[in-house]
Amino acid sequence: MLTEDEIFANENYILNLLNEVMREGIKDYIQYLENSDFFSAPASTKYHRDYPGGLAEHSLNLLEPLKLSNSRLKKKEQLPEDSLTIIALCHDVCKEGLYVGDYENYRTLQGHPANNKHSVLSIEKIKKHIKLTRIERDIILYHMGLFSCYEYGNGIYPRGFDESYKKTPSCTDFCGH
Numbered sequence: 039m040l041t042e043d044e045i046f047a048n049e050n051y052i053l054n055l056l057n058e059v060m061r062e063g064i065k066d067y068i069q070y071l072e073n074s075d076f077f078s079a080p081a082s083t084k085y086h087r088d089y090p091g092g093l094a095e096h097s098l099n100l101l102e103p104l105k106l107s108n109s110r111l112k113k114k115e116q117l118p119e120d121s122l123t124i125i126a127l128c129h130d131v132c133k134e135g136l137y138v139g140d141y142e143n144y145r146t147l148q149g150h151p152a153n154n155k156h157s158v159l160s161i162e163k164i165k166k167h168i169k170l171t172r173i174e175r176d177i178i179l180y181h182m183g184l185f186s187c188y189e190y191g192n193g194i195y196p197r198g199f200d201e202s203y204k205k206t207p208s209c210t211d212f213c214g215h
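Encoded structure:
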């Protein structure tokens, strides 16, 4: 659980990182985030970071592992810093406005489009403000797994998935869930 000060610090850190991105439309995207519940929303209702500020914290927690993975690629295959920032901090933006209720009583807003195919919805929300590269789009699209954008929300998960997901939040951050 995060304190209000920690939520505020994460918000400021994310906004500072996004302000460093040299991409047309980034200022509009930042304004969109500031007018949403992105910084105060949970990342989920029952799996990982299911508390106020969890969505922003989850997004931030992806940035360093993504940078580390990128640094291990051949120089010509590495993504630019702006791409890493956009991928990590924007991949779950569709979850803003998705959850209602209070801590320990969060529930998914009935009929919200992110209940299914949330990767696709995140891309659509980002593209309203920022032009994504093909690689950025593909990484966000498949961040839940290769075919997840088609099967997400069907309730088809391996046995024990719920329990292991709850126990390993850092793993789920790294995987991008």
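FYI, in this note's numbering the residues of the sequence shown are 39 to 215. The beta-carbon is built from N, C-alpha and C at its ideal position, and this holds for glycine as well.
Would residue i be called buried (16 or more neighbouring beta carbons within 10 Å of its own) or exposed?
{"i": "K166", "result": "exposed"}
{"i": "D176", "result": "exposed"}
{"i": "L184", "result": "Confidence in L184 is poor, its pLDDT being 49 and thus under 50, which makes the residue's placement unreliable; the coordinate value appears in the next sentence. Exposed, by the Cβ-count rule."}
{"i": "L122", "result": "buried"}
{"i": "P90", "result": "buried"}
{"i": "K163", "result": "buried"}
{"i": "L106", "result": "exposed"}
{"i": "H215", "result": "Here the model assigns H215 a pLDDT of 47, short of 50, so the residue's position is not dependable, and the following value carries that caveat. With 16 or more other Cβ atoms within 10 Å, it is buried."}
{"i": "D43", "result": "exposed"}
Would you mind working out which of the options sits nearest residue i, comparing C-alpha positions?
{"i": "Y51", "options": "E162, H86 and E72", "result": "E72"}
{"i": "Q69", "options": "R87, L40 and E49", "result": "E49"}
{"i": "L93", "options": "T83, L104, E102 and A79", "result": "A79"}
{"i": "T83", "options": "Y67, G135 and K169", "result": "G135"}
{"i": "Y180", "options": "A126, V59 and I168", "result": "A126"}
{"i": "P118", "options": "L170, T41 and A47", "result": "L170"}
{"i": "E62", "options": "D120, V158 and L104", "result": "D120"}
{"i": "V59", "options": "A47, I124 and S157", "result": "I124"}
{"i": "L40", "options": "I168, V158 and D88", "result": "D88"}
{"i": "I168", "options": "Y67, Q116 and L104", "result": "Y67"}
{"i": "F77", "options": "K65, Q116 and I45", "result": "I45"}
I believe residue i touches residue j by the beta-carbon criterion, under 8 Å. Please report the beta-carbon distance rounded to the nearest angstrom.
{"i": "S160", "j": "I178", "result": "6 Å"}
Is residue i near the ligand FAD - that is, is its Cβ less than 8 Å away from at least one heavy atom of it?
{"i": "R175", "result": "Although the ligand FAD was asked about, the structure shown includes no ligands whatsoever."}
Three or more C-beta pairs below 8 Å linking the segment 104-111 and the segment 44-56: no
Validate contact between the segment 115-135 and the segment 89-103 using beta carbons, cut 8 Å, 3 pairs: yes
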